[in-house]
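Protein chains in written order, with the numbering used here: chain A, 3 to 394; chain B, 848 to 1028. Backbone N, C-alpha and C define an ideal beta-carbon position, used for all residues, glycine too. A short worksheet on the structure shown next.
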Amino acid sequence: MEKKVELLQKRLDRERLARKQAEIIIEEKSRELYYKNQELERAVKAENLARKEADILHEALEFFTAKLDIDEIASHLKSILMQLVPHDHSAVYLFEGGVLVPCGQGKEPDTGGDGAAACKPTISPNGVSPPVQPIIIPNASNDPEAKPWGVHLDSQTLMVVHLFAPGRVVGCLTLESREADAFSPAAAKLAQAIANEASIAFENSLLYREVERLSVLDALTGINNRRQFDLLADREFQRAVRHQLSLSAIMMDLDHFKLVNDTHGHSVGDKVLVAVADVCRRALRTEDILARYGGEEFCFVLPQTDVNGAYAFAERIRKDVEGLRFEAGGRGFTVTASFGVSERLAEDDSPGSILERSDQALYAAKGGGRNRVVMWKPRELRDEALTHAESG
Amino acid sequence: MKGMVFTEFMELVDEKLSPETTESLLEMSDLPSGGVYTSVGNYDPQEMVTLVTNLSGMTGTPVPDLLKIFGRHLFKRFLVSFPEFFEGITSSLEFLPRVDGYVHVEVRKLYPDAELPAFTCDVPEPGSMTMTYESKRHLAPLAEGLILACIDHYGESLEVSSETMATDPPVTRFLIAPKQS
C-alpha cells in the first residue's frame, strides 16, 4: 500500500513538472504566434493600402482620360488627393496667358489669403523640365516663398506640385497641411504621379477648348465669325418670336477701307480692324451679339432693343470709330464707318430678313455720304437707295 | 523527438506491463529529462533509445519486437487522434502510399520542426506493394508495427516481410503481399 502511494506521488510530481513545462512551451509558442500574427496584420494592412491606392489611381486614370471639362478634372484631382495624400486645403492653378489662374472651385482660390491669381508664383510655364519634383515648404505660414500662394494662417506645410504635360507646365497644384512635416517623400511622389495623370487631361482639355474657341471666332479680331454669328442670331431670333420681344440688327462697314490697305499696307489694315472690333466689343451688353461678317464688315444683333435703341447704339459706335487715331509711316489718319439699322417685323421668319433690311439701310448710308447711321424705313428708303444705285 | 512519442511509450508500458515497471524503467534509465515529458515538447531521441534498450533488458524481449509492439500501439492512437487521415480510405494499400505525400505534409503543418522518415511506395504487381523506409533513427521495426496494425485495421489477409537495403544511412524495404496459404 505504501509503495502504491509512493508511486502515485512520483507520478503526480512528474505530472506537475510536465504541466509546468507545457505551460512554458505554450506561452513561448503563443508569444511567437502573436508576433507572427502582428507581422501578418501589418503586411495585410500595407497590402490593402497599396491595393486601395492602386484602385484609386486606376479609377483616376480612367476618369481623367474620359473628361474634357477643366473644372471637373480639377475637382476630381482634389478628391483623389484628399483620399491618398492627407492634407487640409488644396488648390489647382492653370496658366492662362502666362498667369496662374485658380480653377476647380469656381474662379476664386479657396485660400484665405490674397489669392494666387494676383501673385507672382515661383514657377513659370516654360522654366521647368522633367523630372519635376514637388516643392515642399515647411513652416509655410512664415516663409516668404509660400506667401504668394495665399496659404491659410494655420497651415504648417505647403507642397507645390507641378502639373507637367509633355513639353510644358500647364499649371500647378498646392496642398496645405496644419501639421509640420506633413508630406513624406512617398506622399510627394504619389502626389506627383497623380498630378502627371491630371496634367495630360488638363492639357487635352485646354487644347480642346482652344480648338473649340478657334472654330467659332474670327482669327484676326477674336470676335465671333460668321458661322457662329448665324447660330447665335438664329437663337436670339427664335427667342424674340417666342416671347414677342423686339430685336434689332446693325450692319456696319468701314468707309473706304480698300484705300487704307492700298495706302498703308495690309498689316496696318489689320490693326485698324482689330481696333474697330475692340471699340465694338466694349460697347456690347452681355446679351448682344457681335461678329465680323466679311472683310471690313461687322454686324450686331441686339436682343430686346427696338430700332431707336439700335440707332443710338450704332451712333455711339460711329463716334467712337471716328475718334480712333492711327499712325502709319509717320502720318496719322482716322477711319469712319457707315451703319444700317433695322428691327424685327412681325412677318419676318428668320434673322436673315432683318439683316437684309439693315444691309439696305447700310447701302443707303453709303449712298448718303458715309460716316452715318441710317434707319431702315419701308418704301421711301428703298426708292432712295434705288436712286443712289442708279447714279453710283 | 516529439514528447507525444514518449508519453505514448510510457502509457504502453503501463498498460501492457504495469505502472511499477514504468517506474523501475525510469529509475534505471536515469534520463536527463528525469522522465518528465509533455506532448507539446521536444526531447533527445537518445532517451527513447535508452528506454527501449533498458526495457528489453528488463523483459528479455528483443528491441525490434518491442518497437513493433510500440508501432502497433501508435497506429491505434493515430486512428483516434487524426481520423481525417483515414477518411474515405478502404484498404491499407490505399492508405500507405498517402503517408509520405499527404499525412507527413499535414504533420509538418502542425509540427514544422518534426523530423519525419521518408517512405516511397511501389506496386510490383496488383494486390501487393513495396514500401521503402529511410530514416536516421533506425526505427524500421516501429514502421513495420505501424504497417501491421494498419493491415489489421482494414481486416486484410496481407503479410509483411522486410529487407535491409543499406545500413548507413539505414534503408529498409518492406514487401506487403497476400498471405501464402
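Inter-stretch contact at 8 Å, needing at least 3 Cβ pairs: the segment 336 to 350 of chain A / the segment 311 to 318 of chain A: Touching, yes.
Separation of A/Val276 from A/Gly108, as counted between CA atoms: Counted from its first residue, the first sequence places residue 108 of chain A at position 106. Counted from its first residue, the first sequence places residue 276 of chain A at position 274. Bear in mind that the predicted position of A/Gly108 carries a pLDDT of just 42, short of 50, making it too unreliable to give a figure here.
CB contact flag (B/Met905, B/Leu872, <8 Å): Working through the second sequence from its first residue, we reach residue 905 of chain B at position 58. Working through the second sequence from its first residue, we reach residue 872 of chain B at position 25. Contact annotation: B/Met905 and B/Leu872 have beta-carbon atoms nearer than 8 Å.
Range of the contiguous beta strand (DSSP E) that encloses A/Phe1: The requested residue 1 of chain A is not part of the displayed model; chain A covers only 3 to 394.
Beta-bridge pairing of A/Leu292 - partner residues as DSSP gives them: Here residue 292 of chain A corresponds to residue number 290 of the first sequence, with the count starting at 1. Its beta-bridge partners are A/Phe302.
Chain B within 8 Å of A/Lys38, Cβ atoms only: Here the question's residue 38 of chain A lines up with position 36 in the first sequence. Not one chain B Cβ lies under 8 Å of A/Lys38.
Identity of the residues DSSP links to B/Asp969 by a beta bridge: Here residue 969 of chain B refers to the residue found at position 122 when the second sequence is read from its first residue. Looking at the DSSP output, B/Asp969 shares a beta bridge with B/Thr977.
Rounded separation between A/Ser157 and A/Asn141 - CA only: As a first step, residue 157 of chain A must be located in the first sequence, where it is residue number 155. As a first step, residue 141 of chain A must be located in the first sequence, where it is residue number 139. So the alpha carbons of these two residues sit roughly 8 Å apart.
Short Cβ contact (8 Å threshold) for A/Val274 with A/Val337: Taking the first sequence and counting its residues from 1, the one referred to as residue 274 of chain A is at position 272. Taking the first sequence and counting its residues from 1, the one referred to as residue 337 of chain A is at position 335. Yes, they are a contact pair.
A/Val270 vs A/Ala316 beta-carbon contact at 8 Å: Within the first sequence, numbered from 1, the residue matching residue 270 of chain A stands at position 268. Within the first sequence, numbered from 1, the residue matching residue 316 of chain A stands at position 314. Their beta carbons are not under 8 Å apart, which means A/Val270 does not touch A/Ala316 by this criterion.
Separation of B/Gly918 from B/Gly992, as counted between CA atoms: Reading the second sequence from its first residue, position 145 is the one you call residue 992 of chain B. Reading the second sequence from its first residue, position 71 is the one you call residue 918 of chain B. About 4 Å.
Any 3 or more C-beta pairs closer than 8 Å across the segment 973 to 989 of chain B and the segment 940 to 952 of chain B: Output reads yes: the segment 940 to 952 of chain B touches the segment 973 to 989 of chain B.
Helix, strand or coil at A/Asn141 according to DSSP, with G and I counted as helix: Numbered from its first residue, the first sequence carries residue 141 of chain A at position 139. It is coil, neither helix nor strand.
Endpoints, the alpha helix (DSSP H) within which A/Gly254 is located: Position 252 of the first sequence, counted from the first residue, corresponds to residue 254 of chain A. As written in the sequence, residue 254 of chain A is Met, which differs from the Gly given in the question. Taken as a continuous stretch (DSSP letters only), A/Met254 belongs to no alpha helix (DSSP H), being part of the beta strand (DSSP E) at 249 to 256.
Segment limits, beta strand (DSSP E) that includes B/Val1017: As a working note, residue 1017 of chain B is residue 170 in the second sequence. With the sequence shown as reference, residue 1017 of chain B is identified as Pro, and Val is not the correct amino acid for it. Segment 1017 to 1025, the beta strand (DSSP E) holding B/Pro1017.
Cα-Cα separation, A/Ser217 to A/Arg228: Working through the first sequence from its first residue, we reach residue 217 of chain A at position 215. Working through the first sequence from its first residue, we reach residue 228 of chain A at position 226. When rounded, the distance between both Cα atoms is 11 Å.
Nearest-angstrom Cβ-Cβ length linking A/Pro88 and A/Tyr95, presumed shorter than 8 Å: What you label residue 88 of chain A is simply residue 86 of the first sequence in a count that begins at 1. What you label residue 95 of chain A is simply residue 93 of the first sequence in a count that begins at 1. With 8 Å as the limit, A/Pro88 and A/Tyr95 do not qualify as a contact, their Cβ atoms being about 21 Å apart.
Where B/Lys849 sits in the DSSP three-state scheme: Walking along the second sequence from the start, residue 849 of chain B turns up at place 2. B/Lys849 sits in a strand when the DSSP states are folded into three classes.
Spatial distance of A/Leu165 from A/Ala189 (CA atoms): Indexing the first sequence from 1 puts residue 165 of chain A at position 163. Indexing the first sequence from 1 puts residue 189 of chain A at position 187. A/Leu165 and A/Ala189: Cα-Cα distance of roughly 16 Å.
Assumed close pair A/Leu19, B/Val852 - CB separation to whole angstroms, cut-off 8 Å: Position 17 of the first sequence, counted from the first residue, corresponds to residue 19 of chain A. Position 5 of the second sequence, counted from the first residue, corresponds to residue 852 of chain B. That pair is no contact at about 18 Å.
Backbone secondary structure at A/Met161 - three-state DSSP: Here the question's residue 161 of chain A lines up with position 159 in the first sequence. Looking at A/Met161 - three-state DSSP - the assignment turns out to be strand.
Check whether B/Lys983 and B/Pro930 have beta carbons under 8 Å apart: Mapped onto the second sequence, residue 983 of chain B falls at position 136. Mapped onto the second sequence, residue 930 of chain B falls at position 83. The answer is no: Cβ separation not under 8 Å.
A/Leu86 versus A/Ala193, A/Asn263, A/Leu35, residue with shortest Cα-Cα distance: The residue labelled residue 86 of chain A in the question sits at position 84 within the first sequence. Out of A/Ala193, A/Asn263, A/Leu35, A/Ala193 has the C-alpha closest to the C-alpha of A/Leu86.
Amino acids of chain A, ordered along the chain, whose beta-carbon sits closer than 7 Å to that of B/Glu870: By one-based count along the second sequence, residue 870 of chain B stands at place 23. Simply Leu9, Lys12.
Where B/Val887 sits in the DSSP three-state scheme: Reading the second sequence from its first residue, position 40 is the one you call residue 887 of chain B. Assignment of B/Val887 by DSSP, reduced to helix, strand and coil, places it in the coil class.
Straight-line Cα distance separating B/Thr1011 from B/Thr1019: The residue given as residue 1019 of chain B occupies position 172 in the second sequence. The residue given as residue 1011 of chain B occupies position 164 in the second sequence. When rounded, the distance between both Cα atoms is 4 Å.
Interface flag, B/Pro879 vs chain A, CB-CB below 8 Å: For the purposes of this step, residue 879 of chain B is taken as residue 32 along the second sequence, with counting starting at 1. Taking a beta-carbon distance threshold of 8 Å, B/Pro879 does not count as an interface residue toward chain A.
Partners in chain B for A/Gln158, counting only beta-carbon separations shorter than 9 Å: Indexing the first sequence from 1 puts residue 158 of chain A at position 156. Under the 9 Å cutoff, chain B gives no residues; its nearest Cβ is about 50 Å from A/Gln158.
Cβ-based neighbour list, A/Leu304, same chain, cut-off 6 Å, excluding 5 preceding and 5 following: Stepping through the first sequence from its first residue, residue 304 of chain A is reached at position 302. Ser250, Asp290, Ala312.
Coil, strand or helix - B/Thr908 by DSSP: Taking the second sequence and counting its residues from 1, the one referred to as residue 908 of chain B is at position 61. Correct three-state label for B/Thr908: coil.
A/Tyr95 in three-state terms, based on DSSP: Sequence index remark: in the first sequence, residue 95 of chain A carries index 93 (1-based). The DSSP-derived three-state label of A/Tyr95 is strand.
Identified DSSP bridge partners for A/Gly342: The sequence position of residue 342 of chain A within the first sequence is 340, counting from 1. By DSSP's assignment, A/Gly342 forms a beta bridge with A/Met253, A/Val376.
DSSP three-state assignment for A/Leu326, whether helix, strand or coil: As a first step, residue 326 of chain A must be located in the first sequence, where it is residue number 324. Coil.
Contained alpha helix (DSSP H) runs [length at least 4] in the segment 160 to 240 of chain A, N- to C-terminal order: For the segment 160 to 240 of chain A, whole alpha helix (DSSP H) runs of length 4 or above, ordered along the chain, are 187 to 218.
Residue span of the alpha helix (DSSP H) that contains B/Met875, given as start and end: On the second sequence, residue 875 of chain B is found 28 positions in, with the first residue counted as 1. First-last of the alpha helix (DSSP H) with B/Met875: 866 to 876.
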